[in-house]
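Student:
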Amino acid sequence: MPNFSLTGVVKSDGLYGMEIAVDTKSLGIDPQTVTFDLSLDYCRSNAADLASITSAFENTFLASLASVTGFRYWIGLQISSNKNIFWIDGTPLSYNNLNMSTVTNGETLSVYYSPGQQWVAASSSIALEGRICKKPSNPNIPPFRNGSTLGFWHTHDPTMIKDQDGLFQVYFTDYNIPASISSDRKTFYGNGTAFLNGLPWTRNYTHSKDRCNYADFKNKNKDSNATEDCIWCPDAHYVNGKYYMYYSASSFGSKVSGMYLATSLTGRSDDWTNQGEVFNSAAFSWNAIDPSLMVDDDGTWYMSFGSWFSGIWQYTLNSTGFVKDGAQPVHLADGSDHGKYYYLTASIGHCCAGLQSTYKVVYGRATNPQGPFVDKAGTPMLNGGGTELIVTLYPMIGPGNGYVYKDVGQDVYVYHYYDALNGGHARLSINYLNYTEDGWPYLY
Numbered sequence: 005m006p007n008f009s010l011t012g013v014v015k016s017d018g019l020y021g022m023e024i025a026v027d028t029k030s031l032g033i034d035p036q037t038v039t040f041d042l043s044l045d046y047c048r049s050n051a052a053d054l055a056s057i058t059s060a061f062e063n064t065f066l067a068s069l070a071s072v073t074g075f076r077y078w079i080g081l082q083i084s085s086n087k088n089i090f091w092i093d094g095t096p097l098s099y100n101n102l103n104m105s106t107v108t109n110g111e112t113l114s115v116y117y118s119p120g121q122q123w124v125a126a127s128s129s130i131a132l133e134g135r136i137c138k139k140p141s142n143p144n145i146p147p148f149r150n151g152s153t154l155g156f157w158h159t160h161d162p163t164m165i166k167d168q169d170g171l172f173q174v175y176f177t178d179y180n181i182p183a184s185i186s187s188d189r190k191t192f193y194g195n196g197t198a199f200l201n202g203l204p205w206t207r208n209y210t211h212s213k214d215r216c217n218y219a220d221f222k223n224k225n226k227d228s229n230a231t232e233d234c235i236w237c238p239d240a241h242y243v244n245g246k247y248y249m250y251y252s253a254s255s256f257g258s259k260v261s262g263m264y265l266a267t268s269l270t271g272r273s274d275d276w277t278n279q280g281e282v283f284n285s286a287a288f289s290w291n292a293i294d295p296s297l298m299v300d301d302d303g304t305w306y307m308s309f310g311s312w313f314s315g316i317w318q319y320t321l322n323s324t325g326f327v328k329d330g331a332q333p334v335h336l337a338d339g340s341d342h343g344k345y346y347y348l349t350a351s352i353g354h355c356c357a358g359l360q361s362t363y364k365v366v367y368g369r370a371t372n373p374q375g376p377f378v379d380k381a382g383t384p385m386l387n388g389g390g391t392e393l394i395v396t397l398y399p400m401i402g403p404g405n406g407y408v409y410k411d412v413g414q415d416v417y418v419y420h421y422y423d424a425l426n427g428g429h430a431r432l433s434i435n436y437l438n439y440t441e442d443g444w445p446y447l448y
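Residue numbers (this note's numbering): 5 to 448.
Have a look at this one:
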């Protein structure tokens with residue numbers, strides 16, 4: 005039988021917090037009356053996740069702990085609407101001696117150990133007496149978590165900035181480029197649109213409205229003359245005292261697309277001015293959609309873009325945000341920088357199909373902003389390489405179209421996925437982004 009030992013005891017508010025070493029793992033026992041969400045936040049803020057049970061020994065140990073203390077503990081088990089059981093940290097459920105007979109509805113649930121010696125379903129809104137955090141076997145890389153935000157949730161192709169008032173603004177694909185707003189980066193509220201009166205200047209590219217009504221948007225009631233639901237994938241940044249937002253205008257199945265630029269002095273949703281078309285793809289094999297701006301440390305602006313046709317490309321821009329005189333498109337990939345490396349992130353697979361989406365995000369890196377980018381195995385991205393950054397992990401289906409936001413003290417990755425617990429609707433998610441000692445990114 006594996007050994008376990010008490011490695012630390014800290015007294016807090018009359019209760020004892022314990023850290024128990026179990027094999028290569030560390031279990032943090034924290035007896036406080038808390039809800040599931042607060043327990044999850046607490047564990048993750050300490051580079052851990054709510055404990056999952058991956059062996060009979062762990063189950064016996066946690067059950068004994070609950071029996072001895074008499075506490076009902078939160079652990080990391082959840083149950084979907086069709087009663088599939090999964091761990092929130094992505095660990096496969098390999099131990100099945102869990103009695104879930106009390107599950108009677110389709111809510112997302114967590115479980116606790118009851119006096120009757122079994123794990124029982126509990127609504128995540130109630131408060132239990134304790135929580136159990138489990139640190140990963142590699143303490144240098146925290147476990148991946150589902151970074152779902154709260155409040156306003158319907159979001160596709162998100163980009164995020166911090167506006168002049170210090171509030172987080174997320175802009176995303178939909179009619180007139182909608183916005184949501186948050187003060188804490190956790191709970192978001194609807195916040196109007198960037199273009200209240202539409203974008204009539206894009207209609208050379210968005211004239212076929214019906215081809216743009218993909219699954220998330222097709223049931224909305226819209227003016228019969230309104231075609232701006234074909235405005236895709238905004239990309240917003242704060243550069244040299246001004247906010248820049250690129251966006252693409254297109255329709256499904258077409259590679260004749262236009263890339264546009266809007267600017268703002270405040271970043272607020274009611275304060276954007278269109279500056280015109282940056283370039284289009286009418287005469288090229290590639291597609292002018294899905295923009296991603298990077299401003300290098302030397303002040304050079306790079307615009308990566310494209311998908312569906314001929315892969316990812318890049319233009320060099322001037323300091324006003326438009327294509328630099330004489331610049332030619334370079335075939336490479338989307339990128340951002342960290343330390344001495346530039347990173348390519350690419351969403352691959354089938355997008356925009358709800359629960360049938362196969363999107364995932366892969367990456368590579370290079371020492372030059374125009375590549376060549378290679379993955380961990382050394383395979384060039386242009387030759388099919390790509391190390392997985394984020395993939396489907398139930399109930400998170402088809403994650404993709406992410407955006408790196410460099411916040412003070414901690415980079416984050418902003419992306420969407422399709423929620424299997426909510427009808428397959430697109431949902432905003434934000435994860436912390438960090439790098440291993442040898443410079444490879446990971447999310448947690």
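Idealized CB from N, CA, C, for every residue including glycine. What you are looking at is a predicted structure, and each value in this text was computed from that prediction instead of being measured.
Report yes or no: do the region 355 to 362 and the region 372 to 389 share at least 3 C-beta pairs separated by less than 8 Å?
Tutor: no
Student: Nearest-angstrom Cα distance between aspartate 329 and threonine 320?
Tutor: 9 Å
Student: Beta-carbon within less than 6 Å of threonine 39's beta-carbon, same chain only, minus the 5 sequence neighbours each way: which residues are those?
Tutor: The answer, listed in chain order, is Ala131.
Student: Taking three-plus beta-carbon pairs below 8 Å as touching, is the region 245 to 256 in contact with the region 193 to 210?
Tutor: Proximity of the region 245 to 256 to the region 193 to 210 meets the contact definition, three or more beta-carbon pairs being nearer than 8 Å.
Student: Relative to the C-alpha of phenylalanine 176, which candidate in Thr197, Asp169 and Asp188 has its C-alpha closest?
Tutor: Thr197
Student: Tell me the DSSP secondary structure of tryptophan 205 in three-state form.
Tutor: helix
Student: Alanine 60 and glycine 80 - do their beta-carbons sit closer together than 7 Å?
Tutor: no
Student: Check whether the Cβ atoms of serine 268 and aspartate 274 sit closer than 7 Å, and answer yes or no.
Tutor: no
Student: Just to confirm the assignment, what range does the beta strand (DSSP E) spanning serine 252 have?
Tutor: 246 to 253
Student: For isoleucine 360, which three-state DSSP category applies?
Tutor: The sequence shown places glutamine at residue 360, rather than the isoleucine named in the question. Helix, per DSSP.
Student: Could you pull the start and end residues of the beta strand (DSSP E) that valine 2 belongs to?
Tutor: Look at the range of the chain in this structure, 5 to 448, and you will see that residue 2 is not part of it.
Student: So valine 334 is in the beta strand (DSSP E); what residue range does that whole segment cover?
Tutor: 334 to 336
Student: Can you tell me whether serine 68 is buried or exposed? The criterion is at least 16 other CB atoms within 10 Å of its CB, across all chains shown.
Tutor: exposed
Student: So, helix, strand or coil for leucine 42, using DSSP?
Tutor: helix
Student: Can you name the residues that DSSP bridges to phenylalanine 192?
Tutor: Gly155
Student: Under 8 Å: do the region 155 to 172 and the region 188 to 196 share three or more Cβ pairs, one atom per stretch?
Tutor: Using a Cβ-Cβ distance cut-off of 8 Å, the region 155 to 172 and the region 188 to 196 are in contact, since at least three pairs of beta carbons, one from each stretch, lie closer than that value.
Student: Closest by CA to lysine 344, which one among Gly427, Ile401, Ser49 and Asp300?
Tutor: Asp300
Student: Can you name the start and end residues of the beta strand (DSSP E) that valine 174 belongs to?
Tutor: 172 to 175
Student: Output the boundary residues of the beta strand (DSSP E) element that contains asparagine 405.
Tutor: 400 to 411
Student: Taking DSSP's pairing of strands, which residues face proline 376 in a bridge?
Tutor: None, per the DSSP bridge assignment.
Student: Rounded to whole angstroms, what is the Cα-Cα separation between serine 71 and asparagine 438?
Tutor: 39 Å
Student: Would you decide whether leucine 200 is buried or exposed? Buried here means 16 or more other CB atoms lie within 10 Å of its CB.
Tutor: That one is exposed.
Student: What are the uninterrupted segments assigned as beta strand (DSSP E) that are 3 or more residues long and contained completely in the region 255 to 302, given in chain order?
Tutor: 262 to 268, 277 to 284 and 296 to 299
Student: In whole angstroms, give me the CA-to-CA distance for glutamine 318 and glutamate 62.
Tutor: 51 Å
Student: Considering only DSSP beta bridges, list what lysine 166 is partnered with.
Tutor: Phe172
Student: Is any beta-carbon of chain D found at less than 7 Å from that of leucine 297?
Tutor: The chain labelled as chain D is not found in the depicted structure, where only one protein chain is given.
Student: Going by CA-CA distance only, name the one from Tyr436, Pro333, Thr270 and Lys246 that's closest to glycine 413.
Tutor: Tyr436
Student: In chain order, what residues of the same chain have a beta carbon less than 8 Å from the beta carbon of asparagine 244, not counting five sequence neighbours either side?
Tutor: So the qualifying residues of the chain are Ser323.
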